[in-house]
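Be aware that the sequence shown starts at 1, since it is given in full-length UniProt numbering, and climbs by one per residue. Think of the CB as a built atom: it goes at the ideal place given N, C-alpha and C, for glycine as much as any other residue. These numbers come from a predicted model, not from an experiment.
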Amino acid sequence: MRATRTCGFGKVGQHRKAGQRAGKGKTTGWKKSKKSYYLKQKELGFPDPDWDFGKKGFRRPQDLIRIYQVNMINVKELDQKIENLVIDKKATKSGNTYNINLNNLNIQKILGRGEINKVINITVKKASKRAIEKVETAGGKITLLSSQAQ
Numbered sequence: 001m002r003a004t005r006t007c008g009f010g011k012v013g014q015h016r017k018a019g020q021r022a023g024k025g026k027t028t029g030w031k032k033s034k035k036s037y038y039l040k041q042k043e044l045g046f047p048d049p050d051w052d053f054g055k056k057g058f059r060r061p062q063d064l065i066r067i068y069q070v071n072m073i074n075v076k077e078l079d080q081k082i083e084n085l086v087i088d089k090k091a092t093k094s095g096n097t098y099n100i101n102l103n104n105l106n107i108q109k110i111l112g113r114g115e116i117n118k119v120i121n122i123t124v125k126k127a128s129k130r131a132i133e134k135v136e137t138a139g140g141k142i143t144l145l146s147s148q149a150q
């Protein structure tokens, strides 16, 4: 719509904002051209009474949220790292049995992916049922601080 006074943007000076240009194709989306539609939907309580069009606020990406919820480790990773943890004095070894408190390492849960070959006694807040099975099959023991298996 060149060669017109406002080039299709409504009032003069309105080019920078979204003001007064409904009906000009895809310039405003459905917020203006379908105003009666969304007002009727809101009146009917769809999708819920507090619903309003447009994006509101900020949501953190899920992968960042999950990092701070629970720190986890699989039995396979623990089996591989236990020797280095003994060297760093974060775990102890007596005979062929390893003892480790994962709570001191800021790990809240142990999961059951992979195989475990060493005898490890583990103290942790939470553990999956499969992890408990695998550790006990290898000859170790899991002590739960919160007394629940998930």
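- Three-state secondary structure (DSSP) of VAL70: coil
- Indicate the three-state DSSP secondary structure (helix, strand or coil) for ASN104 in the structure shown. helix
- Within 8 Å, strictly: CB atoms of GLN41 and VAL70: no
- Query: Start and end of the beta strand (DSSP E) containing LYS93?
  - Reply: 91-94
- Item | Per-residue DSSP class, three states only, for ASN121 | Annotated three-state conformation of ASN121 is strand, per DSSP.
- Item | Inter-stretch contact at 8 Å, needing at least 3 Cβ pairs: the segment 50-60 / the segment 85-103 | no
- Item | Backbone CA spacing between PHE9 and PHE58 [nearest angstrom] | 30 Å
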